[in-house]
Amino acid sequence: MSNTVESDDSFMLAERYSAMTRILTVNAAAPEQQVIHIAANVLKTGGLVAFPTETVYGLGANALDAKAVDHIFSAKGRPASDPIIVHLQDVSQLSQVARDVPAIAYRLVQQFWPGPLTLVLRRHSAVPANVSAGLHTVAVRVPSHPVARALLRAADLPIAAPSANRFARPSATSAQHVVEDLLGHVDIILDGGPTNIGLESTILDLTKPVPVVLRPGGITLETLRSVIPDIQVVMKQLQPEDEGIEAPGMLLKHYSPRAELLLFDGSLNIVLRIMQSRARELLATGRRVGVLTPDGERYFFDGIPVELFLLGSDLETIARNLFDGMRELDHHDVDVILVHNFEQSGLGLALRDRLLRAAEGRVIQC
Ligand code: TXA
Ligand code: MG
833 MSNTVESDDS
843 FMLAERYSAM
853 TRILTVNAAA
863 PEQQVIHIAA
873 NVLKTGGLVA
883 FPTETVYGLG
893 ANALDAKAVD
903 HIFSAKGRPA
913 SDPIIVHLQD
923 VSQLSQVARD
933 VPAIAYRLVQ
943 QFWPGPLTLV
953 LRRHSAVPAN
963 VSAGLHTVAV
973 RVPSHPVARA
983 LLRAADLPIA
993 APSANRFARP
1003 SATSAQHVVE
1013 DLLGHVDIIL
1023 DGGPTNIGLE
1033 STILDLTKPV
1043 PVVLRPGGIT
1053 LETLRSVIPD
1063 IQVVMKQLQP
1073 EDEGIEAPGM
1083 LLKHYSPRAE
1093 LLLFDGSLNI
1103 VLRIMQSRAR
1113 ELLATGRRVG
1123 VLTPDGERYF
1133 FDGIPVELFL
1143 LGSDLETIAR
1153 NLFDGMRELD
1163 HHDVDVILVH
1173 NFEQSGLGLA
1183 LRDRLLRAAE
1193 GRVIQC
């Protein structure tokens, strides 16, 4: 299968996985054991369970059951060339799914697990090839969300789980988002409320001579570099024409709202002025315009009849709200979404990555 992105449905393996979806509310801080057990049994018998993690909701299946993993791909409409992250209860399970684990991995997980750090390691033969899209590596993490942890403990299995959205759509940060994308295509949705970080985990490849960040995420590069100073960042997947894609599936079209997203980059004052005039031009042509904006900049759009979604003030809050904002503006049937870029430090790096992909290359340098 080629790595080029075509229409969403061109990748469907066969029939879309279908199920009578049960939505079960669960206490995010202290998950009810009887609810967790229902979900764990579904996983043990080859079904699909959507569950909250501290980053985004995951669409989980038994990682050791190739058929259950196939159902993840068909439920999401995800290309089989896009590998899936395996979630573990704790570091002691690592040797069940990975081999030749380097010492540096143990140093990292001591600091960052449970939490939003995914490590790419050599794949153990017990992990079916489809989990990793045929690669000899496997991506693993131990999530910190109490519901995810309770589910992993009760199922006592490694759980393969991509984000619980339709392929190329914004990741799901609430059970409502999962319902929008996967109702009828997942056996259980555990509703534990909105997720905390709102962006996916940081992916670090430890199979290269130097550790390489393949996707910036919930753990910042600065934090990782405080433990391993010589970490590299390779996000060349952002160029769709690039040869030798390192993380298949990290293609340009990703995290996309239905509306066309325009990303403005440059110095803030100029950016805001150009966003204002672009909003007016678009409105003049009869298009419905949405704007994703930090709270402090809302007054720039006073008197302009755009649909505003306020992201919050600090990067943590903006990260938590970003995907919800994209989906919310889609609900308002906007044709175009305007948003500006963020700084290259801290969570800003992950925000930039998600926005660039959501814009599918439509970046306006100001
Ligand atoms: O926070 C997260 O990471 C969430 C939650 C549910 O854990 N999961 C998530 O999964 O974002 P997903 O499938 O949406 O993104 C995982 C990405 C893949 O697209 C792929 O690029 C990369 O992880 N990946 C997975 N396995 C890999 C491997 N063996 N080598 C390189 N990249 C891999
Ligand atoms: Mg995803």
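Each residue of the sequence shown is one higher than the one before, counting from 833 in the working numbering.
Just so it is clear, CB atoms sit at the ideal spot from N, CA and C, and this is done for glycine as well.
Note that this is a predicted model, so its numbers are computed, not measured.
- Message: Rounding to the nearest angstrom, what Cα-Cα distance links residue 856 and residue 1192 in this structure?
- Response: Near 35 Å, if we compare the C-alpha coordinates of residue 1192 and residue 856.
- Query: So residue 1030 and residue 1155 are in contact, right, with Cβ under 8 Å, and what is the actual spacing, rounded?
  - Reply: Between residue 1030 and residue 1155 the beta-carbon gap is near 6 Å, inside 8 Å, which marks them as a contact.
- Message: Using a Cβ-based criterion (distance less than 7 Å to any ligand heavy atom), does residue 774 qualify as near the ligand MG?
- Response: There is no way to answer for residue 774, as the model of the chain reaches only from 833 to 1198.
- Are the beta-carbon atoms of residue 1086 and residue 1152 separated by less than 8 Å? With respect to residue 1152, residue 1086 sits apart: the two C-beta atoms are not nearer than 8 Å.
- Would the beta-carbon of residue 1003 be found less than 7 Å away from any heavy atom of the ligand MG? yes
- Message: At the level of alpha carbons, what is the spacing between residue 1279 and residue 968?
- Response: This structure cannot settle anything about residue 1279, because the visible part of the chain is limited to 833 through 1198.
- Please go through the region 933–1003 and give each complete beta strand (DSSP E) segment of 3 or more residues, from N-terminal end onward. 949–955, 969–973
- Got a sec: does the ligand MG put a non-hydrogen atom nearer than 7 Å to the Cβ of residue 994? yes
- Which term fits residue 921, buried or exposed, when burial requires 16 or more other beta carbons within 10 angstroms of its beta carbon? buried
- Task: Just the C-alpha distance for residue 1124 and residue 883, rounded to the nearest angstrom, thanks.
- Result: 27 Å
- Query: Counting along the chain, where does the alpha helix (DSSP H) carrying residue 1011 start and finish?
  - Reply: 1007–1014
- Query: Looking at the structure shown, is residue 1104 part of a helix, part of a strand, or coil, going by DSSP?
  - Reply: helix
- Compute the Euclidean distance between the alpha carbons of residue 902 and residue 956, then round it to the nearest angstrom. Computed Cα separation, rounded: 19 Å.
- Using the Cα positions of residue 974 and residue 1102, report the straight-line distance between them to the nearest angstrom. 42 Å
- For the candidate residues 1145, 1011, 876, whose alpha-carbon lies nearest to that of residue 852? 1011
- Within the same chain, show all residues whose beta-carbon is closer than 7 Å to that of residue 1067, passing over the 5 residues directly before and after it, in chain order. 1185
- Euclidean distance between Cα positions of residue 861 and residue 986: 16 Å
- Write down the C-beta distance between residue 971 and residue 892 rounded to the nearest angstrom, noting that I regard them as a contact closer than 8 Å. Going by Cβ atoms, the distance from residue 971 to residue 892 rounds to 14 Å, so no, they are not a contact pair.
- Residue range of the beta strand (DSSP E) that residue 1153 falls in? From DSSP, residue 1153 is part of no beta strand (DSSP E) but of the alpha helix (DSSP H) over 1147–1163.
- In chain order, which alpha helix (DSSP H) runs of at least 4 residues are fully inside the region 897–931? 898–908, 926–929
- Item | Three-state class that DSSP yields for residue 894 in the structure shown | strand
- Reduced DSSP secondary structure (H/G/I, E/B, other) of residue 862: coil
- Message: For the alpha helix (DSSP H) containing residue 1185, name the first residue and the last one.
- Response: In the DSSP annotation of this structure, the continuous segment of the alpha helix (DSSP H) that includes residue 1185 starts and ends at 1180–1190.
- Query: At a cut of 8 Å, does the region 1134–1143 reach the region 977–985 through at least three beta carbon pairs?
  - Reply: Under the Cβ criterion (8 Å, minimum of three pairs), the region 1134–1143 does not count as touching the region 977–985.
- Query: Using a threshold of 7 Å, is the CB atom of residue 952 nearer than that to any non-hydrogen atom of the ligand TXA?
  - Reply: yes
- Task: Going by DSSP, name the residue or residues bridged to residue 1092.
- Result: 1168
- Do the region 1104–1123 and the region 1013–1023 touch if we need at least three Cβ pairs shorter than 8 Å? Counting Cβ pairs under 8 Å, fewer than three are found: no touch.
- Item | Closer than 7 Å: residue 970 CB and nearest the ligand TXA heavy atom | yes
- On the premise that residue 1187 lies in contact with residue 1171, defined as a C-beta separation below 8 Å, what is that separation, rounded to the nearest angstrom? Going by Cβ atoms, the distance from residue 1171 to residue 1187 rounds to 6 Å, so yes, they are a contact pair.
- Taking DSSP as the reference, what is the three-state secondary structure of residue 1129? Residue 1129: helix per DSSP, three-state reduction.
- Alpha carbon to alpha carbon, how far is residue 845 from residue 964? Note that residue 845 scores a pLDDT of 48, beneath 50, so its modelled location is shaky; the value from the coordinates is reported in the next line. When rounded, the distance between both Cα atoms is 16 Å.
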